[in-house]
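Visitor: Okay, here's the structure, questions in a sec.
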Amino acid sequence: MENSLSKNLIILHLAVVVAFSGAIWAQQKEGFVEAWEIRHNLLQPPVKIMDTIGLKPGMVIGDVGAGRGRFTVWFADRVGDKGKVYANDILEKSLRHLEQRCERLGFTNVITCLGTVVKPNIPDKVLDIAFMINVYHHLEKPVELLKNIIPTLKPDGTLVIVEHEPVKSGYATESTSEEEMVKKADEAGYKLEKIETFLARDNIYFFKKK
């Protein structure tokens, strides 16, 4: 009886994992999702997030703090050949890894941008969306960087920040409260448009420039 119950629990657990990660496996190519990303993608489903932020084929998005490209490759796949992804990071090593990854996957619509702690080094007026995920709480000078993102946005461009919320995530340090996020964005020259709260650990903030 106990063994049977344990087996059923394992089967149920696997079913839940498959249900949450179906989009990942459906779109996965060889090397599309790296092993370390799977757990993160279950908690922050790329397809659901792209749908929520309104990313469509042909759009231009900036992945600020792209790192090794966990979301960059999904963006590149979504916007297609008529769209573009500007992948920014301050670590050249991470961007080289991302470039190799995109070359292997056949993406020619990704442009890497080596930045500084305050400058994304993305061209002016090109972005429909500037996007950050798991980045904001690492920023040394958040207000300065957010200010320098404004010139990269098109007139109706949007800044989207996915950030751990302290109570939901249980993280005291690697998180930002809603009050603090809105306050710093306001200082940088943005107004809050809306907040999505459906993620288990994170809030998704949508900002427009004032």
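So for the sequence shown, the working numbering puts the first residue at 24; every next one is plus one. Backbone N, C-alpha and C fix where the C-beta goes; we use that ideal spot for every residue, glycine too.
Starting from F74, trace the alpha helix (DSSP H) in both directions and tell me its first and last residue.
Guide: Looking at the sequence itself, residue 74 is Asp, so the reference to Phe does not match. Run containing D74: P69 to I76, per the alpha helix (DSSP H) assignment.
Visitor: Taking the alpha-carbon positions, what's the E57 to R93 distance?
Guide: Cα to Cα, the separation comes out at about 8 Å.
Visitor: Exposed or buried, which one is A195 when buried takes at least 16 other CB atoms within 10 Å?
Guide: A195 should be labelled exposed.
Visitor: Which two residues bound the contiguous beta strand (DSSP E) that contains A110?
Guide: Start and end: K107 to D112.
Visitor: Assign S198 to one of two classes, buried (16 or more other C-beta atoms within 10 Å of its C-beta) or exposed (fewer than that).
Guide: Answer is buried; the Cβ neighbour count reaches 16.
Visitor: Can you tell me which residues form a DSSP beta bridge with I134?
Guide: Y109.
Visitor: Among L182, S200, A223 and P189, which has the Cα closest to the Cα of K3?
Guide: Outside the modelled stretch of the chain, which goes from 24 to 233, sits residue 3, for which no answer is possible.
Visitor: Quick one: give me the first and last residue of the alpha helix (DSSP H) that E188 is part of.
Guide: Note, E188: premise wrong, no alpha helix (DSSP H); not H, not E.
Visitor: D209 to L215, Cα distance in whole Å?
Guide: In a straight line, the C-alpha of D209 is about 8 Å away from that of L215.
Visitor: Smallest Cα separation from S192: which of V149, R224, T175 and Y213?
Guide: Answer by Cα proximity: R224.
Visitor: Distance check for D147 and L66, CA to CA, integer angstroms please.
Guide: Going from the Cα of L66 to the Cα of D147 covers about 33 Å.
Visitor: Going by the CB atoms, is the gap between G138 and N157 shorter than 7 Å?
Guide: Contact flag unset, no.
Visitor: How would you call F221, buried or exposed, if buried means at least 16 neighbouring beta carbons within 10 angstroms?
Guide: The residue is exposed, with fewer than 16 neighbouring Cβ atoms inside 10 Å.
Visitor: Pull up the distance between the alpha-carbon of N226 and that of E188, whole angstroms please.
Guide: Spanning the two alpha carbons is a distance of roughly 6 Å.
Visitor: For S200, which of P174, C136, Y228 and L169 has the nearest alpha-carbon?
Guide: When each option's Cα is compared against that of S200, the closest is Y228.
Visitor: Name the one or two DSSP bridge partners that K232 has.
Guide: Paired residues: Y213.
Visitor: Given H63, which residues of its chain have a CB within under 7 Å of its CB, disregarding the five upstream and five downstream residues?
Guide: The answer, listed in chain order, is R93.
Visitor: Taking just the CA atoms, how far does E202 sit from V190?
Guide: Answer to the nearest angstrom: the Cα atoms are 13 Å apart.
Visitor: Nearest to I184 by alpha carbon, out of L162, C136 and C125?
Guide: Residue L162 is the option with its Cα nearest to I184.
Visitor: Using C-beta distances below 7 Å, list every residue in its chain close to S117, excluding the 5 sequence neighbours before and after it, in chain order.
Guide: For S117, where only same-chain residues beyond five positions count, the Cβ hits under 7 Å are G90 and R91.
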